[in-house]
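Chemist: Residue numbers (UniProt numbering): 1 to 822. Built from N, CA and C at the ideal position, the CB exists for glycine as well. What follows is a structure written as structure tokens; I'll ask about it next.
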Amino acid sequence: MEKVSTIHSRKPDFGWTVKMNHVFPKKGKQKSPQRIRQIFPLIPLILRYLVYYVWRWLRGKLVIMDFVKPLNANPICGVPIGGIGGGSIGRGWKGEFCNFQMRPGIYDYNTVHADQFILTILDESGSLLYQNVLSPNRPPKDGSLSKWKWNFPADQAEYTALYPRSWTTYNIKEYGLTLVCRQISPVIPNNYKDSCLPGCVFVWSVENRSDKNYKISITFTFKNGTGSKEDKKGECSSSIFGPTESDNIAVYGVELNQTIHDSSSAYTIACQQKNGVTASRCPYFDPKGNGEDIWKQLASTGKLEEHPATCTSKRKTISRPGKEHAVAVCLQALVGSANSQEMEFSLVWDMPVIKFGGHGTFNRYYTKHFPSTGNGGPKMCEYGLTHYREWEEAIYNWQLPVLEDKRLPAWFKSALFNETYYITDGGTVWLLPDKKEDFTSETDPRAEFGRFGYLEGHEYRMYNTYDVHFYASFALAHLWPKLQASIQYDYRDTILLEDRTRTWFLYNGEIGMKKKKSAVPHDMGDPEDEPYRIVNAYNVHDVSEWRDLNLKFVLQCYRDYCQNKNVDYLKDMWTQLNAVVDKAKEWDTDGDGMIENSNSPDQTYDCWTMNKTSAYCGGLWVASLFAMHKMAEELDSKEASKSFKLDYEKAKNAYQAKLLNGLYYDFDSSKSSHSSTIMSDQLCGLWYLCASGVTEEVFPEPSVESALQMIYKLNVQSFCKGEMGAVNGMKPDGSVDRYAIQSEEVWTGVTYGLAALFIHKGMNTEAFSTAQGIYNTVYNEIGLGFQTPEALYENCNYRSIGYMRPLSIWSIYNAWIKTNEV
Numbered sequence: 001m002e003k004v005s006t007i008h009s010r011k012p013d014f015g016w017t018v019k020m021n022h023v024f025p026k027k028g029k030q031k032s033p034q035r036i037r038q039i040f041p042l043i044p045l046i047l048r049y050l051v052y053y054v055w056r057w058l059r060g061k062l063v064i065m066d067f068v069k070p071l072n073a074n075p076i077c078g079v080p081i082g083g084i085g086g087g088s089i090g091r092g093w094k095g096e097f098c099n100f101q102m103r104p105g106i107y108d109y110n111t112v113h114a115d116q117f118i119l120t121i122l123d124e125s126g127s128l129l130y131q132n133v134l135s136p137n138r139p140p141k142d143g144s145l146s147k148w149k150w151n152f153p154a155d156q157a158e159y160t161a162l163y164p165r166s167w168t169t170y171n172i173k174e175y176g177l178t179l180v181c182r183q184i185s186p187v188i189p190n191n192y193k194d195s196c197l198p199g200c201v202f203v204w205s206v207e208n209r210s211d212k213n214y215k216i217s218i219t220f221t222f223k224n225g226t227g228s229k230e231d232k233k234g235e236c237s238s239s240i241f242g243p244t245e246s247d248n249i250a251v252y253g254v255e256l257n258q259t260i261h262d263s264s265s266a267y268t269i270a271c272q273q274k275n276g277v278t279a280s281r282c283p284y285f286d287p288k289g290n291g292e293d294i295w296k297q298l299a300s301t302g303k304l305e306e307h308p309a310t311c312t313s314k315r316k317t318i319s320r321p322g323k324e325h326a327v328a329v330c331l332q333a334l335v336g337s338a339n340s341q342e343m344e345f346s347l348v349w350d351m352p353v354i355k356f357g358g359h360g361t362f363n364r365y366y367t368k369h370f371p372s373t374g375n376g377g378p379k380m381c382e383y384g385l386t387h388y389r390e391w392e393e394a395i396y397n398w399q400l401p402v403l404e405d406k407r408l409p410a411w412f413k414s415a416l417f418n419e420t421y422y423i424t425d426g427g428t429v430w431l432l433p434d435k436k437e438d439f440t441s442e443t444d445p446r447a448e449f450g451r452f453g454y455l456e457g458h459e460y461r462m463y464n465t466y467d468v469h470f471y472a473s474f475a476l477a478h479l480w481p482k483l484q485a486s487i488q489y490d491y492r493d494t495i496l497l498e499d500r501t502r503t504w505f506l507y508n509g510e511i512g513m514k515k516k517k518s519a520v521p522h523d524m525g526d527p528e529d530e531p532y533r534i535v536n537a538y539n540v541h542d543v544s545e546w547r548d549l550n551l552k553f554v555l556q557c558y559r560d561y562c563q564n565k566n567v568d569y570l571k572d573m574w575t576q577l578n579a580v581v582d583k584a585k586e587w588d589t590d591g592d593g594m595i596e597n598s599n600s601p602d603q604t605y606d607c608w609t610m611n612k613t614s615a616y617c618g619g620l621w622v623a624s625l626f627a628m629h630k631m632a633e634e635l636d637s638k639e640a641s642k643s644f645k646l647d648y649e650k651a652k653n654a655y656q657a658k659l660l661n662g663l664y665y666d667f668d669s670s671k672s673s674h675s676s677t678i679m680s681d682q683l684c685g686l687w688y689l690c691a692s693g694v695t696e697e698v699f700p701e702p703s704v705e706s707a708l709q710m711i712y713k714l715n716v717q718s719f720c721k722g723e724m725g726a727v728n729g730m731k732p733d734g735s736v737d738r739y740a741i742q743s744e745e746v747w748t749g750v751t752y753g754l755a756a757l758f759i760h761k762g763m764n765t766e767a768f769s770t771a772q773g774i775y776n777t778v779y780n781e782i783g784l785g786f787q788t789p790e791a792l793y794e795n796c797n798y799r800s801i802g803y804m805r806p807l808s809i810w811s812i813y814n815a816w817i818k819t820n821e822v
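As structure tokens, then:
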């Protein structure tokens, strides 16, 4: 009897688990409230946006944020497959292969019916007993693959997700069989080699509890493309390979070469042949045909025929343009009564060279460790099949301290890891430096670890959007700190530069510079343009005058330094740190040491106007000056440290005097109709200082305690019965602030950050109660797990699916560690 389960491979006690017949109790759609008082002031912006929208369409380019055709999520997503930065493929909790992200920044939301696993059961004499696609879904509506048997009983299968792995259990009761498919992607903290591999391994464990012996076959089928109309364009070819001998196993597979939207790429599927397990392959079948040929082969022998007559001497099969192309691999084993067997498959995709919408090409980072010639699929499949046990052990050891901590609630253990899906699925690119770029400095991480970029959201296509990354960066800082450092160095290099390109800002219609000197960019660019070279793709506001970006650079530098204590890092950043603070001082218009907002949405809440001194930006300013004082101390710059300490104390006094009303900090000091709003994110600056390990009383503790109690009482408990996180704005009378669209939204990532601050301040019950509202709503109520939106509304509608900011959940764990250190 083969050992099929180890402590590292077993289904965990924690995770997100659903039956395949599960129905979510609530339905949401992407639609914000339509309130006249909110929309009327935005009419000029809307008209300018429509002009911009048409202008981009005429140029054959997508807008970076499409508000004309927003996406409504399909509640089918599960743990995505793939490592980091090489593209990704979504996989649904019912087994669908969906949501292909092969082109930089572009998603194809298609379920590909030809991408399946098929189970065949023969008796010992070879007679067919059972054959079914292991999917509860119906056959394709276009009539393709109609000879296959679909509709696996959904009540006999269960899915468990704990990113980067998942477990799907199928019960074949009539034959006493249980099958478990483990999906394993090599996403491993602090492992920068395996984590970049673009693919995954599927391990099928077959347990025979009957009194009979069966010949069990599992077949993995996969077609070219991404399920779009483009799949018929261009020529496809497939080549069988193997056996490739390694560690007493033999790897057999098929490589499928294709063109995906003008880029050469290859899918490779493979399997392990070993003692008692026999491999076979099919280099071609028609995924748009009825599927009869391959179905009959499996029904007859439980194996695939390689059709040597259709192959060249090099074992290659070619499909001409206009035809789609599918391939398959199969493993068969005799599984005796009361015995078990494992069958291992792998899937990788190889697109080593990518081109953004502008000029120039880049090599993906995985080509540093794996073949860069475009035919590396077989080698990467072999690597996965021979190393996946090491991956599982590393993932298990990473997650174990969280899973074994009995003080942490079960839902949080699921949420912490499953929200990390965005590291794979966030339109992520991980690039080798361009040959023209010189990163030879010993302290520059990009020379060794390349460049890392992820989108603000599936629908907001800007790389490394900095005001949002400020929240999300806790995941990278904790798990892959070299990638976080790479992003910081990319931003550092832009700060002293300027781009005088004339830019039309849609909010006010003014023409201005694209990027000003000493201003931190909003983003690293649009994938349809030339990211990293042309920054600030965002064109709604003049982001060079946003009040939060410069301050968020300061606070991220300080947090990352406090984590690693690398003085060289501070030295590399010091010139730019001083420049951004000097720029920010220009926003102190009355000389009291406190910056003022511009009576516009000049920060991450880009539809919510702040005027004069605001709790949000003012708090960031106080925290930044304190951080500059501490960093100057670390650099032994006594004069600078003294100067920044004086600036900090002056700003702190002004902040307290202008905003503290005795219970909390007012939204802003303008005395407008919404100035007294209780903002859930008002102590954002303090949150970052706590995350950096600061114990000094930067903000008076009584004021902080009172403000947090008010936020929890009104923004959390008085909103949706405390079951949907923290609403951004709440009036003192307990009614939601509906002044702006964003004031009445719940921001998922902001709620997680608020929960972290609660923990830093000893309010653990409040913290987990607040954050649980997000998890329950997203994962259990409306089924948007693995596509967590930016914002939620009272009626369970949402905005912007698949968003970066919820990665801030790692700040909760950061807080938990810091407050529970022995």
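Spatial neighbours of Ala157 within its chain, please: C-beta separation below 6 Å, excluding the five flanking residues on both sides.
Modeler: Counting only Cβ-Cβ distances below 6 Å, and skipping sequence neighbours, we find Met20, Tyr170.
Chemist: Under a three-way DSSP split, which group does Lys731 fall into?
Modeler: Looking at Lys731 - three-state DSSP - the assignment turns out to be coil, as it is neither helix nor strand.
Chemist: Rounded to a whole number of angstroms, what is the C-alpha to C-alpha distance between Val327 and Ala410?
Modeler: Approximately 41 Å between the Cα atoms of the pair.
Chemist: Is it right to say Ser300 is buried, meaning 16 or more other beta carbons lie within 10 angstroms of its own, or is it exposed?
Modeler: By the 10 Å Cβ count, Ser300 comes out exposed.
Chemist: What did DSSP end up calling Thr268 once you bin it into helix, strand or coil?
Modeler: Strand, per DSSP.
Chemist: Can you tell me where the alpha helix (DSSP H) with Ser692 in it begins and where it stops?
Modeler: Segment: none, Ser692 is in no alpha helix (DSSP H) and carries neither H nor E.
Chemist: Look up Ala791 in the DSSP assignment and say whether it is helix, strand or coil.
Modeler: Strand, per DSSP.
Chemist: Contact between the stretch 400-408 and the stretch 75-84 is defined here as three or more beta-carbon pairs at a separation below 8 Å; is this criterion met?
Modeler: No, they do not touch.
Chemist: With a cut-off of 8 Å on the beta carbons, I'd call Val348 and Gly512 a contact; round off their distance for me.
Modeler: Not quite, the Cβ-Cβ distance comes to about 46 Å (not below 8 Å), so this is no contact.
Chemist: Can you confirm whether the stretch 353-371 touches the stretch 271-291 when touching is taken to mean that 3 or more C-beta pairs between the two stretches lie within less than 8 Å?
Modeler: With a cut-off of 8 Å, the stretch 353-371 and the stretch 271-291 do not count as touching, because too few Cβ pairs lie within range.
Chemist: Compute the beta-carbon to beta-carbon distance between Tyr779 and Gly773, rounded to the nearest angstrom, for a pair I have assumed lies under 8 Å.
Modeler: So it is not a contact: roughly 11 Å between Cβ atoms.
Chemist: Are the beta-carbon atoms belonging to Asn228 and Asp108 less than 8 Å from one another?
Modeler: Checking the sequence shown, residue 228 turns out to be Ser, not Asn. Against a cut-off of 8 Å, the Cβ pair of Asp108 and Ser228 comes out as a contact.
Chemist: May I have the straight-line CA-CA distance separating Val535 from Thr613, to the nearest angstrom?
Modeler: Their Cα atoms are separated by approximately 29 Å.
Chemist: For His8, which residues in the same chain have their Cβ closer than 6 Å to its Cβ, ignoring the five residues on either side in sequence?
Modeler: Excluding positions up to five away in sequence, the list reads Glu392, Glu393, Tyr396.
Chemist: Counting only beta-carbon atoms, is Asn191 nearer than 8 Å to chain D?
Modeler: This model lacks chain D altogether, as it is built from one protein chain only.
Chemist: If we count the other Cβ atoms within 10 Å of its Cβ and call it buried at 16 or more, is Pro445 buried or exposed?
Modeler: The residue in question, Pro445, is buried, as its Cβ has 16 or more Cβ neighbours within 10 Å.
Chemist: Just to confirm my understanding: we take Gln603, look at its own chain, exclude 5 residues before and 5 after, and list those with CB closer than 6 Å. What are they?
Modeler: Taken in chain order, the residues that qualify are Trp546, Arg547, Asp548, Cys617.
Chemist: Using the Cβ count rule (16 or more neighbours within 10 Å means buried), how would you classify Gly377?
Modeler: Buried, by the Cβ-count rule.
Chemist: I need the boundaries of the beta strand (DSSP E) containing Leu570, first residue and last residue.
Modeler: That residue, Leu570, is in no beta strand (DSSP E); its alpha helix (DSSP H) goes 567-585.
Chemist: Ala415 and Val329 look like a contact to me (Cβ under 8 Å); what is the Cβ gap, rounded to whole Å?
Modeler: So it is not a contact: roughly 35 Å between Cβ atoms.
Chemist: Taking only the alpha-carbon atoms, compute the straight-line gap between Arg502 and Trp150 and give it to the nearest angstrom.
Modeler: If I take the Cα positions, the gap works out to 57 Å.
Chemist: For the stretch 805-813 against the stretch 466-475, do three or more pairs of beta-carbon atoms, one drawn from each stretch, fall closer than 8 Å, so that the two count as touching?
Modeler: Short answer: they touch.
Chemist: If I follow the unbroken alpha helix (DSSP H) through Arg533, where does it start and stop?
Modeler: Neither: Arg533 is in no alpha helix (DSSP H) and is coded neither H nor E.
Chemist: Evaluate the contact criterion for the stretch 333-346 versus the stretch 90-101: three or more CB pairs, one atom per stretch, below 8 Å.
Modeler: No, the stretch 333-346 does not touch the stretch 90-101.
Chemist: Please classify Ala338 as buried or exposed, where buried requires at least 16 neighbouring CB atoms within 10 angstroms.
Modeler: Per the 10 Å Cβ criterion, exposed.
Chemist: So, at 6 Å on beta carbons, what are the nonlocal neighbours of Ala815 in its own chain, with the 5 sequence-adjacent residues on each side left out?
Modeler: The answer, listed in chain order, is Ala756, Ile759, His760.
Chemist: Give the single residue among Gly662, Ser672, Ser680 whose Cα lies nearest to the Cα of Pro700.
Modeler: Comparing Cα positions, the closest option is Gly662.
Chemist: Once the 5 residues before and after Pro70 are set aside, which same chain residues still bring their CB inside 7 Å of it?
Modeler: Cβ neighbours of Pro70 beyond the five flanking positions: Gln30, Glu459.
Chemist: I'd like to check one pair, Ser210 with Gly176: are the Cβ atoms closer than 8 Å?
Modeler: Yes; because the gap between Cβ atoms is below 8 Å, this pair is in contact.
Chemist: Residue ranges of each beta strand (DSSP E) run of no fewer than 3 residues wholly in the stretch 38-119, ordered along the chain?
Modeler: The qualifying runs are 88-91, 97-101.
Chemist: What's the C-alpha gap between Thr219 and Arg281?
Modeler: Straight-line Cα distance between these residues: approximately 9 Å.
Chemist: What do you reckon, are the CB atoms on Gly242 and Gln258 nearer than 8 Å?
Modeler: Taking 8 Å as the Cβ cut-off, Gly242 and Gln258 do not qualify as a contacting pair.
Chemist: Express the C-alpha separation of Ala447 and Thr440 in angstroms, rounding to a whole number.
Modeler: Straight-line Cα distance between these residues: approximately 6 Å.
Chemist: Determine whether the beta carbon atoms of Asp681 and Met610 lie at a separation below 8 Å.
Modeler: Against a cut-off of 8 Å, the Cβ pair of Met610 and Asp681 comes out as no contact.
Chemist: Among residues of its own chain, excluding the 5 on either side of Ala623, which ones have a beta-carbon nearer than 7 Å to its beta-carbon?
Modeler: Closer than 7 Å at the Cβ level, and outside the excluded window around Ala623, lie Leu555, Gly685, Leu686, Tyr688, Leu689, Val698.
Chemist: Ser600 by DSSP, collapsed to three states: which one?
Modeler: Strand.
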